[in-house]
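Chemist: Under this note's numbering, the letters of the sequence shown match residues 268 to 735, in that order. Following this message is one structure expressed as structure tokens.
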Amino acid sequence: MRYISTRGTAPALDFENVTLTGLAADGGLYVPESWPRFTPEAIRALAGLSYVDTAVEVMAPFVGDALGRDELRALCAEAYGRFDHEAVTPLVQLDGRNWLLELFHGPTLAFKDVALQLLGLLFERFLSQRDTHLTVVGATSGDTGSAAIDALAGRAKVDIFMLHPLGRVSDVQRRQMTTVLAPNVHNIAIEGSFDDAQALVKAMFADRDFAGRFRLSAVNSINWARLMAQIVYYFYAAVRLGTPDRPVAFSVPTGNFGDVFAGYAAARMGLPVAKLIVATNVNDILHRALAEGDYSVGTVTPTAAPSMDIQVSSNFERLLFDLHGRDGAALAQTMAGFEATKRLAIPAAMRDEAARLFTSARIDADGMALAMRHAAERSGQVIDPHTAIGLAAAHGADLDPQVPIVTLATAHPAKFRDAVERATGQRPNLPARVGGLFEREERYATLPATLEAIEAHIAERATAAVPA
Ligand SMILES: *Cc1c(COP(=O)(O)O)cnc(C)c1O
268 MRYISTRGTA PALDFENVTL TGLAADGGLY VPESWPRFTP EAIRALAGLS
318 YVDTAVEVMA PFVGDALGRD ELRALCAEAY GRFDHEAVTP LVQLDGRNWL
368 LELFHGPTLA FKDVALQLLG LLFERFLSQR DTHLTVVGAT SGDTGSAAID
418 ALAGRAKVDI FMLHPLGRVS DVQRRQMTTV LAPNVHNIAI EGSFDDAQAL
468 VKAMFADRDF AGRFRLSAVN SINWARLMAQ IVYYFYAAVR LGTPDRPVAF
518 SVPTGNFGDV FAGYAAARMG LPVAKLIVAT NVNDILHRAL AEGDYSVGTV
568 TPTAAPSMDI QVSSNFERLL FDLHGRDGAA LAQTMAGFEA TKRLAIPAAM
618 RDEAARLFTS ARIDADGMAL AMRHAAERSG QVIDPHTAIG LAAAHGADLD
668 PQVPIVTLAT AHPAKFRDAV ERATGQRPNL PARVGGLFER EERYATLPAT
718 LEAIEAHIAE RATAAVPA
């Protein structure tokens, strides 16, 4: 399988290189050159397979000959062996029609572990054959940072520098990052906001000299391998609910459009997906885009579901690429207009095309709290604020009542226990696998939010320095 850029001019890459690369050189995102197809018989044959075996079947066409099948299976077994549920992503029935797909059984309690645990192993595997180190840099408002650090801690040939805004992540989130003391993990608290941290990371990548010298790489959801790993659980859940003989709908708490794009990919591969519900909080750029064609940047409102507090959804470009008939030059022009004006009007024909598979909803703070109470009182399930937004959107969706709706449960409720307690009166306990978080030693540097300070800090510590 080869991967092409959504903006048409960057060189096509194989799976190994697309895994180790972030943004394409033309500013676009990498997508598969074509979508592999699963026939109904091939989907039926997934029934009864373990999560790991399902993952091998679903991912093999994307991996191509970059890894042998046995090798791919071994990596999946190692990555998903760290989850605390044998089903890896178990389904829980809420009522006659609604299901939760629990994606939070990994080491850091959020769905990002599903992709990042595998990505950490892929990095190590592909770097082992090369004479180079990588320096992963990232900015986090919480979940991505802890999942990426857990996945890369102690791995050979890679250092990770993770920037978080000082004092603006929860205690649980900070400790999940700063108590990892592996020598290749470097936490930096920035004296500034999350936006400052993200702007610093972008500035580092734009500093070509610095980026080249330290071989900077990214693990955010623009990385294709992350999305690929997320396609698996759509197949796994749908097959358990009777696909291919029965279509299934999914409601997805959405921020950067990565998770729901994986659902789109599953549908393009032949999985009978009745609908993908894009659930947003009051930061509703995606809801406005899908419902009214208005993809324009507003200001971010902080909410109790912080992993969905975004202005621009990077992965939306991947959908726009298909909606532009995979014409990279046309999309490059569209995106240049968007970058200049911060707004994009999606033509009615493209909106109609998207509406065949997508619908959307905007859930405010009351709707979110109500969904948390509802799940606790009627189904005995304590859910986190992100999941609650997905579930509220599922309840409001106008779909054939025969179609089961699977809401993706993206975080463990204990990760956001203050918000859960406010809504339900119940304070969820941290699971044993993260026990002792508050007794462990923390290590992080505090730096001013200047490029100079961050680059000097990294230059002193990164192993990847290429001699000048
Ligand atoms: C990252 C995250 C999301 C949003 O996922 P996207 O792929 O960015 O759309 C939703 N919920 C939780 C808990 C997350 O960590």
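We treat Cβ as the ideally placed atom computed from N, Cα and C, and that holds for glycine.
1) Can you tell me whether glutamate 584 is buried or exposed, with buried defined as 16 or more other CB within 10 angstroms of its CB?
2) Which residue wins for smallest C-alpha separation from proline 522, given the options Asn548, Val323, Gln440, Tyr347?
3) Do the region 380-391 and the region 466-473 meet, that is, are 3 or more Cβ pairs less than 8 angstroms apart?
4) Give the secondary structure of tryptophan 302 by DSSP, where H, G and I count as helix, E and B as strand, and everything else as coil.
5) Proline 539 by DSSP, collapsed to three states: which one?
6) Going by DSSP, what residues sit across from methionine 429 in a beta bridge?
7) To the nearest angstrom, how far is it from the Cα of glycine 647 to the Cα of alanine 632?
8) Just to check, is the beta-carbon of phenylalanine 524 closer than 6 angstroms to a non-hydrogen atom of ligand 1?
9) Does any heavy atom of ligand 1 sit closer than 6 angstroms to the C-beta of threonine 521?
10) Could you tell me if leucine 586 is buried or exposed, where buried requires 16 or more neighbouring beta carbons within 10 angstroms of its beta carbon?
11) Are the Cβ atoms of alanine 661 and isoleucine 672 separated by less than 7 angstroms?
12) Determine, using beta carbons only, whether arginine 422 and glutamate 391 come nearer to each other than 7 angstroms.
13) Closer than 8 angstroms by C-beta to alanine 622: which residues in its own chain qualify, once you throw out the five before and the five after it? Chain order, please.
14) Below 8 angstroms, can you find three or more Cβ-Cβ pairs linking the region 394-407 to the region 526-539?
15) Cα separation between arginine 513 and arginine 684?
16) Cutting at 6 angstroms between CB atoms, please list the residues of its own chain near phenylalanine 305, excluding the five before and the five after it.
17) Say yes only if the C-beta of alanine 377 is nearer than 6 angstroms to one or more non-hydrogen atoms of ligand 1, and no if none qualify.
18) Is proline 668 helix, strand or coil when you go by DSSP?
19) For a quick check, are the C-beta atoms of alanine 309 and alanine 292 less than 7 angstroms apart?
20) Which residue from Gln440, Thr601, Tyr297, Glu345 puts its Cα closest to that of leucine 697?
21) Is valine 579 near valine 567, with beta carbons less than 7 angstroms apart?
22) Suppose you measure from the CA of alanine 516 to the CA of threonine 273; what does that come to, to the nearest Å?
23) Going by beta carbon distance, what residues of the same chain come within less than 6 angstroms of glycine 692, once the five residues before and after it are set aside?
24) Just mark arginine 311 as buried or exposed, buried being the case when its beta carbon has 16 or more other beta carbons within 10 Å.
25) How many angstroms separate the CA atom of alanine 686 from the CA atom of alanine 496?
26) Is alanine 333 near ligand 2, going by C-beta to nearest heavy atom under 6 angstroms?
27) Do leucine 636 and glycine 663 have their CB atoms nearer than 7 angstroms?
28) Which one or two residues does DSSP pair with glutamine 648 in a beta bridge?
29) Going by beta carbon distance, what residues of the same chain come within less than 8 angstroms of leucine 598, once the five residues before and after it are set aside?
30) Which residue comes first and which comes last in the alpha helix (DSSP H) that contains valine 506?
31) Fully enclosed by the region 546-608, which alpha helix (DSSP H) runs are 4 residues long or longer?
32) Using 10 angstroms around the beta-carbon of isoleucine 271, count the other beta-carbons present and answer buried if the total reaches 16, otherwise exposed.
33) Which word fits aspartate 476, buried or exposed, when buried means at least 16 other C-beta atoms lie within 10 angstroms of its C-beta?
34) Tell me whether alanine 301 is buried or exposed, calling it buried when 16 or more other Cβ atoms sit within 10 Å of its Cβ.
35) In chain order, what residues of the same chain lie with their CB nearer than 6 angstroms to the CB of alanine 638, ignoring the 5 residues before and after it?
36) Using the beta-carbon count (16 or more within 10 Å), is phenylalanine 705 buried or exposed?
Modeler: Inspection of the coordinates gives the following:
1) That one is buried.
2) First, the residue type needs correcting, since residue 522 is glycine and not proline in the sequence shown. Of Asn548, Val323, Gln440, Tyr347, the residue nearest in Cα terms is Asn548.
3) no
4) Note: tryptophan 302 maps to coil in three-state DSSP.
5) Of the three classes helix, strand and coil, the one that applies to proline 539 here is coil, per DSSP.
6) Gly405, Asn454
7) 21 angstroms
8) Taking the Cβ of phenylalanine 524 as the reference point, at least one heavy atom of ligand 1 falls within a distance shorter than 6 angstroms.
9) yes
10) Counting Cβ neighbours within 10 Å, leucine 586 comes out buried, since at least 16 surround it.
11) yes
12) yes
13) If we look at alanine 622 and ignore the five residues flanking it on each side, its Cβ neighbours are Leu557.
14) no
15) 36 angstroms
16) Met536, Gly537
17) yes
18) coil
19) no
20) Gln440
21) no
22) 27 angstroms
23) none
24) exposed
25) 29 angstroms
26) With respect to ligand 2, the structure offers nothing, as its ligand set consists of ligand 1.
27) The sequence shown places alanine at residue 636, not leucine. No; because the gap between Cβ atoms is not below 7 angstroms, this pair is not in contact.
28) According to DSSP, which records beta bridges pairwise, glutamine 648 is partnered with nothing at all.
29) For leucine 598, the CB contacts under 8 angstroms within the same chain, skipping 5 residues up- and downstream, are Thr273, Arg274, Gly275, Gly295, Glu584, Leu587, Phe588, His591 in chain order.
30) Taken as a continuous stretch (DSSP letters only), the alpha helix (DSSP H) holding valine 506 covers 491-507.
31) 552-559, 583-590, 595-608
32) Isoleucine 271 is buried by the Cβ-count criterion.
33) exposed
34) Reading off the sequence shown, one finds serine at residue 301, where the question assumed alanine. By the neighbour-count rule (16 or more Cβ atoms within 10 Å), serine 301 is not buried but exposed.
35) Ala655, Leu658, Ala659
36) exposed
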